[in-house]
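Participant: I am attaching a structure below and will ask some questions about it afterwards.
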Amino acid sequence: MTGIVIALAVILLAGIALGIFAWLAPRHAAPEAVEAAPVPPWQSTTEWTKAAGEEFAGLSESARCDLIFAVNDLRDERSGRLLVHALDDPSDAVALAAAHALSARGERASVEAYAQQHPGERAQRILDTLTLLS
Amino acid sequence: MRTLADVFTPGAPSLSEGLRTLAVSPERELEPGMTVRASFTFRNQGGAPATGVRVRFNLPEGLVYLVGSGTLDGGVLDDEQGNSPLLARAGADIGDVQPGEERRIDLAYSVAGAIENGSTVELQAAVTAFELPPVGSNIVRLVARSRPALENALTGISLESRSHEPRAGGEATVTVRVHNAGESSARDVVAVAPVPEHTTYVPNSARVNGRELERDLPAPFDRVHAPVIAQTLPASATVTLQYRVRIDEPLADNTVVAARLHVASQETPAFTVEPAAITVRARAEFADERTAFSIEPASDAAPGSRVQIRLTAYNAGTAAAQDAAITVTLADGLHPVRGAARLDGQPLREKKNAALSFDLGTVPARETVELALEAVVATPIADGSELPVRAVLRWNGGEREFERTLTVRSRPYLHRRRNGIDRTGPVTVRPADEIEAAIAIGNDGSAAAHDCVLQLQIDPALDDVRVFDKNTRLDLTHEGVELGTLDAYASRKLTVRARVRSPYADRSEIALGAVLHAQELGEVPLGSASWRVESHPAFSSATSSLTLVQDEVFRPNQLVDVHVRLRNEGTDNAQNVRLRLYVSPEARIESVDGATRDRSTLTLGEILAGATAEIRLGVRLLRSLARTHPVAIEGVVTADAMLPVQLAPLTIVTTAEPNFAIGTLRTVPEEIADAGEEIEFVLHVRNSGDGPARRAKLTLEPDPLLIYLPNSTSVNDVPVRDAGAQSPLINERGLLMSDVDPGVEATVRWREVINNNAPANSAIVRRVKIAYDGDRTDEIAAPEVTVRCAPAFANTISGLPFGLDGMVGPSLGHTQRALTGSEFVELPPATPVSRPMVPERAMLSPAATGNGHGHANGTHHSEDDGGHVAHAVQLLAAFDRDRLDRTMRFVGEARFPGLVTHLFALRAFFPDAIGGVGETTLRELRETIRETLDRIYIKLRVANYVLAQRDLETAAARSALEAVLASLDEDAPAGAAGSIQLRGTADLDELRELGEDLSGAALATALPWAALARLIPGDGEAMQHYRGLLIEALDDLEEADETAFIDALQRRPYPVLDAALDVVRAQMTAVRA
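Protein chains in written order, with the numbering used here: chain A, 2 to 135; chain B, 29 to 1101.
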């Protein structure tokens, strides 16, 4: 009998301890809804050519394609940034060349990230063509 | 603790003297411009080095650092701008000074140009280090020695007239300048500059450096003998004393006014300065406004009026004017009035000569002389004439000219008494008469009247207006006559002639007015002349008449148009015009157009003079008109204020005659009658003429086919006696009718029987001739009757009293008319049918792959299609479903004009394994081709892009291809993953030969692509076909240069090849499905 009482007392104390712990234990804060940052409107620009050198400003559409292909052969970090900037080129062909170059460098994720930042028909068209050429 | 920057600051106590090593030269006194040299030496007396040692010198006031003189142990310390750090707040950093080491600083100053005498200059140097506070040197005190210098070239006195030329009564300015050219200030500078003789001090005008002086003086300036003009005059400074004086007046000419000056100060003894002087001129003067010349009136002087000329001469000078005289000169348009000249109000003696020169004698200073005279303006004279009046005032030593201009206001004047228009001739005129009026124009003014225009006010009743100047006809334009300029006191007489308009109303008043326009006078009415018109209307049979509209002979009952024309030949309008008509009883007026009819009177109302009234009468001739009885119409014209006028009678010639031309002759039966049948002829004849027929004879020619039925002739159902056995119509005498009035109609009937002997189809034509009034003949024909014969067995004929054997049967009817021609049906032109051009080979049905599940049977090879291949290289391309989808999409989308489409097909179907070719080598070629074609694919998206040679092939690509071709052999290719496989073979020898050719071929030509085309696995009939066509197309371009190859790639169409590719694509898509 005494053993049972002791066991019950132990159980009671354990329950109280669990209750106190449950009362005082730190709780996870409710995750706050993270509002997605507004997607900035896409603005085409050919200013990216200046990053390759002032002498490269004002190139024609096909010349910008050639610049993309030449830069792609460099395979350095600076050229990679240049290719990403070239995705904003107003010419679909130039942007596609940049996307193709990035994809060839194994940086297709950059293209997809760009497409997420600037969703729309243009980005989808670039991705579809990349898939076609893969 | 004081820092080095704190020492030597203004107001700060001197630094204690810790080092007595500052040596200065000179030692005691200095003078302006002198160089002071300082030398400061110090030694590190301690046992440790002094670090960060800095040395500074003070720069006392009055000393200037000599650039480049600051040295450290002989080395210059100045910076680039010449500043010495020794004089800077932080001093000069000279680095470390080791124990026992000695340093020497040298510096030189220059004494300023101006330094006060007795002032003290203290020099001290200081040195400090990181470890040591500033230590001052001994202080060297120098005393400045200097003095002022007032007697120099800049010290002086000047006397200047305030006016251009010194003159008596004028002002002059005395300027005293005392300049201290010494090095120190001058104290209590005294200037003795008394007011010059012949002048008077202008009170309170004394200024020292622009500041009033008298307030500091105990008495007015001119009463203080030696005023102190500057308590202290610093070196190089100047004090200026200035005051004004008035030159005495009057004063003798060439009087010299001299200003003198004595200067002294505490340091400078008195000295005399060179005096200044001016020479004063005194003379007579008539230049101011009090000397005036005037004329009155100054403007708008009328011709003939008097002009007052006045010259007032006031000697405003300081000396008397000797031998003064006035000479007046008048213009031509001014005449002096003799005896009217007055000098100071007193008449002058009249001179016979007209010279207007007047002696005035001596005119003392500030005295006035007035000369007045008169002149008369001449006439005539042009308006606006400017008459100058000149006067010259002369005196001993000068003269002055005066001029005034008198403007003349002169005007022309047309007096009513001498300007007007008068009638010439009687007051009563008739239309078309000529009238005449005289116009008189006279200018009584003193000026000419310009741009004169005579404006006539011409009555509308006047025509042909002419203006004459004597016998010269003037040009009359818009009722105006330009007369030009009418000189002063000139006159003109003009004659106006005109003709009274005709016609014109009686008792009308005619006026001819005239107005003269002149530039100066404006409009000047000249009055008017008037006439009275006497006028009447008039008609005559010559111009007023009754006429027939149609000149022909008229018939009874005919409406005759009569034209009535009434012309008013008079000169006045005809009022209440009436035309009374007298018409023959055989006619009557039925209509009147142009007038109001009252029975036989036509009322026309008013007919203007010269106007013509037109009336159209409709006159109906009566039926009872005799054959040639003329109808007459007479007319009488009446109107107010005129006598009746009889018009010429109008005779209308008439005629009336019978006419039997209209009539009908019909038969019963009509058209066809059987032989032996009775025909009744009915003649309707009518006198359709307008006159009766006295005698009308109707005759009929006998017809052998007809037999008259006796007693069958009747006229208006009245039987007519036969002439023998014949009808009276057939008789020569004929059937006579008399007095057949117009409109009377007669019906003549007779019957005849057709002779049964008449041949079938004989035509019976009966014509009745009607002769009437002896000379006219008409004919009336009956419609043709065709004889129809029929068999006849009877021997009797109705109406015939006897029998007759022999009958002729009727003829048969007509036959059916056959068609004369056949109808021609023209078909429309055939429409060309366009059929799409189907490539012959593209029509081949796509063959499925061998196993039917997309797995090609490798036992059939493309080269087998062309025959046996001795050495073949095996090709394999494998696709999974996704890759096949992408490949088909790529083939579908990579469609461009030209052969370039099929380069993309090479990319699509490039084998994954080739016999003998290593995986790495093949992958390198594949990647090279893909990269090249991907770039082309991208660049072709640029609008109007033209491929370049560098786009097509690179040296690396060529090397990769050559490597592949070099390693080909007949071994089986390695396996490739993919559920759909394309297998094929290529001619190994041919490829090797191509590989050898590649080494010498230019880049960007068709040869490498031709080799690549052979690497396509030609699995299946469609693929084999396409492969063959592609190889053939590229082989054709093998000899083409780069430009031609690019042209084929982008411009040349390949429809058959495109279709073959479509078939391949369709087949592959089917396989995938």
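Every residue gets a Cβ at the ideal spot worked out from N, C-alpha and C, and that includes glycine.
Computed from a predicted model, the values in this text were never measured in an experiment.
Counting only the same chain and skipping the five closest in sequence on each side, list residues whose C-beta sits under 8 Å from that of Val772/B.
Facilitator: For this step, residue 772/B is matched to residue 744 along the second sequence. Excluding positions up to five away in sequence, the list reads Arg714 and Asn715.
Participant: Of the choices Gln547/B, Thr1071/B, Ser536/B and His478/B, whose alpha-carbon is the least far from that of Leu514/B?
Facilitator: As a working note, residue 514/B is residue 486 in the second sequence. Ranking the options by Cα distance to Leu514/B, first place goes to His478/B.
Participant: What is the DSSP secondary structure of Pro1108/B, counted as helix, strand or coil?
Facilitator: In this structure chain B extends from 29 to 1101, so residue 1108/B is not present and cannot be described.
Participant: At least one CB of chain B closer than 8 Å to the CB of Phe70/A: is that the case?
Facilitator: Position 69 of the first sequence, counted from the first residue, corresponds to residue 70/A. True, the Cβ-Cβ gap to chain B drops below 8 Å.
Participant: Figure out for me which residue from Asp1017/B, Ile1008/B and Arg986/B has the closest Cα to the Cα of Glu998/B.
Facilitator: The residue labelled residue 998/B in the question sits at position 970 within the second sequence. Checking every option, the nearest Cα to that of Glu998/B belongs to Asp1017/B.
Participant: Whole angstroms is fine: what's the gap from Leu339/B's alpha carbon to Ala315/B's?
Facilitator: Here residue 339/B corresponds to residue number 311 of the second sequence, with the count starting at 1. Here residue 315/B corresponds to residue number 287 of the second sequence, with the count starting at 1. Answer to the nearest angstrom: the Cα atoms are 13 Å apart.
Participant: Grab the span of the beta strand (DSSP E) containing Ala305/B for me, first residue to last.
Facilitator: If you number the second sequence from 1, residue 305/B lands on position 277. Residues Phe299 to Val308.
Participant: Determine whether the beta carbon atoms of Leu632/B and Val605/B lie at a separation below 8 Å.
Facilitator: For the purposes of this step, residue 632/B is taken as the residue at position 604 of the second sequence. For the purposes of this step, residue 605/B is taken as the residue at position 577 of the second sequence. Cβ distance < 8 Å, so Leu632/B and Val605/B count as in contact.
Participant: Going residue by residue through the stretch 380-464 of chain B, where are the continuous alpha helix (DSSP H) segments of at least 4 residues, counting only ones entirely within it?
Facilitator: none
Participant: Where does the unbroken beta strand (DSSP E) through Thr156/B begin, and where does it stop?
Facilitator: As a first step, residue 156/B is located in the second sequence; it is residue number 128 there, counting from the start. Run containing Thr156/B: Ala153 to Thr156, per the beta strand (DSSP E) assignment.
Participant: Any C-beta of chain A within less than 7 Å: which residues of the stretch 967-994 of chain B qualify?
Facilitator: Lys967, Arg969, Val970 and Tyr973
Participant: Restricting to Cα atoms, I'd like to know which of Val252/B, Ile538/B, Glu510/B and Pro408/B is closest to Asp461/B.
Facilitator: Within the second sequence, the letter at position 433 stands for residue 461/B. Minimum Cα distance to Asp461/B is reached at Ile538/B.
Participant: Tell me the DSSP bridge mates of Trp559/B?
Facilitator: Taking the second sequence and counting its residues from 1, the one referred to as residue 559/B is at position 531. Trp559/B pairs with Ile538/B.
Participant: Just checking, does the stretch 424-437 of chain B make contact with the stretch 365-382 of chain B on the three C-beta pairs under 8 Å criterion?
Facilitator: Per the Cβ contact rule, the stretch 424-437 of chain B is not in contact with the stretch 365-382 of chain B (fewer than 3 Cβ pairs under 8 Å).
Participant: Select from Arg65/B, Asp908/B and Val417/B the residue whose C-alpha is nearest the C-alpha of Val356/B.
Facilitator: Sequence index remark: in the second sequence, residue 356/B carries index 328 (1-based). For Val356/B, the nearest C-alpha among the options comes from Val417/B.
Participant: Once you ignore the five residues that flank Arg288/B on each side, which residues in its own chain have a CB closer than 6 Å to its CB?
Facilitator: Along the second sequence, read from residue 1 onward, the residue named residue 288/B stands at position 260. Only Pro303 meet the Cβ criterion.
Participant: Using DSSP's beta-bridge definition, name the partner residues of His545/B.
Facilitator: Here residue 545/B is taken as the residue at index 517 of the second sequence, counted from 1. In DSSP, His545/B forms a bridge with Val481/B and Glu551/B.
Participant: With a threshold of 7 Å, establish whether the CB of Val417/B neighbours any heavy atom of the ligand SAH.
Facilitator: Looking for the ligand SAH in the displayed structure turns up nothing, as the structure carries no ligands at all.
Participant: Distance check for Asp276/B and Ala344/B, CA to CA, integer angstroms please.
Facilitator: The residue given as residue 344/B occupies position 316 in the second sequence. The residue given as residue 276/B occupies position 248 in the second sequence. Cα to Cα, the separation comes out at about 15 Å.
Participant: At least one CB of chain A closer than 8 Å to the CB of Arg1079/B: is that the case?
Facilitator: Start at 1 with the first residue of the second sequence, and residue 1079/B comes out as number 1051. No, its Cβ sits nowhere closer than 8 Å to a Cβ of chain A.
Participant: Between the stretch 899-918 of chain B and chain A, which residues of the former have CB atoms less than 9 Å from a CB of the latter, in chain order?
Facilitator: Arg914, Arg917 and Phe918
Participant: For Phe709/B and Arg794/B, which I take to be in contact (beta-carbon distance under 8 Å), what is that distance rounded to the nearest angstrom?
Facilitator: Mapped onto the second sequence, residue 709/B falls at position 681. Mapped onto the second sequence, residue 794/B falls at position 766. That pair is a contact at about 6 Å.
Participant: Distance, Cα to Cα, Gln125/A vs Ala116/A?
Facilitator: To locate residue 125/A, count along the first sequence from 1; it is residue 124. To locate residue 116/A, count along the first sequence from 1; it is residue 115. If I take the Cα positions, the gap works out to 7 Å.
Participant: Flag this pair as touching only if the stretch 490-509 of chain B and the stretch 592-603 of chain B have three or more C-beta atom pairs under 8 Å; answer yes or no.
Facilitator: no
Participant: Just the Cα atoms here: how many angstroms apart are Thr183/B and Asn232/B?
Facilitator: By one-based count along the second sequence, residue 183/B stands at place 155. By one-based count along the second sequence, residue 232/B stands at place 204. For Thr183/B and Asn232/B, the distance between alpha carbons rounds to 24 Å.
Participant: With distances taken Cα to Cα, identify the nearest neighbour of Thr640/B among Val611/B, Ala566/B, Pro584/B and Gln578/B.
Facilitator: Stepping through the second sequence from its first residue, residue 640/B is reached at position 612. Out of Val611/B, Ala566/B, Pro584/B and Gln578/B, Ala566/B has the C-alpha closest to the C-alpha of Thr640/B.
Participant: Mind checking the stretch 88-104 of chain A against chain E and listing, in chain order, the residues whose C-beta falls within less than 8 Å of any C-beta there?
Facilitator: In the structure shown, chain E cannot be found, because the protein chains are A and B.
Participant: Of the choices Glu159/B, Asp101/B, Arg1020/B and Gly425/B, whose alpha-carbon is the least far from that of Pro77/B?
Facilitator: As a position in the second sequence, residue 77/B is number 49, starting the count at 1. If we check each option's Cα against that of Pro77/B, Glu159/B comes out closest.
Participant: Can you pull the chain A residues whose beta carbon is under 9 Å from the beta carbon of Glu921/B, in chain order?
Facilitator: Counting from 1 along the second sequence, the entry for residue 921/B is found at position 893. Result: Thr130 and Leu133.
Participant: Alpha helix (DSSP H) containing Asn73/A: first to last residue?
Facilitator: As a working mapping, residue 73/A is identified with position 72 in the first sequence. Where Asn73/A is concerned, the enclosing alpha helix (DSSP H) stretches over Glu62 to Asn73.
Participant: For Ser1027/B, I'd like the list of residues in its chain whose CB is within less than 6 Å of its CB, leaving aside the five on either flank, ordered along the chain.
Facilitator: Counted from its first residue, the second sequence places residue 1027/B at position 999. Around Ser1027/B: no qualifying Cβ.
Participant: Do Cys66/A and Ala94/A have their beta-carbon atoms positioned less than 8 Å apart in this structure?
Facilitator: Within the first sequence, residue 94/A is the residue found at index 93, counting from 1. Within the first sequence, residue 66/A is the residue found at index 65, counting from 1. The Cβ-Cβ distance between Ala94/A and Cys66/A falls below 8 Å.
Participant: Assuming Asp487/B contacts Leu540/B under a Cβ cut-off of 8 Å, what Cβ separation, rounded to an integer in Å, is found between them?
Facilitator: Here residue 487/B refers to the residue found at position 459 of the second sequence. Here residue 540/B refers to the residue found at position 512 of the second sequence. Contact holds; Cβ gap of about 6 Å.
Participant: For the stretch 167-185 of chain B and the stretch 237-254 of chain B, state whether three or more C-beta atom pairs, one from each stretch, are separated by less than 8 Å.
Facilitator: no
Participant: Helix, strand or coil for Ser104/A per DSSP?
Facilitator: To locate residue 104/A, count along the first sequence from 1; it is residue 103. Correct three-state label for Ser104/A: helix.
Participant: Could you tell me whether the stretch 397-413 of chain B touches the stretch 319-339 of chain B, where touching means 3 or more Cβ pairs closer than 8 Å?
Facilitator: yes
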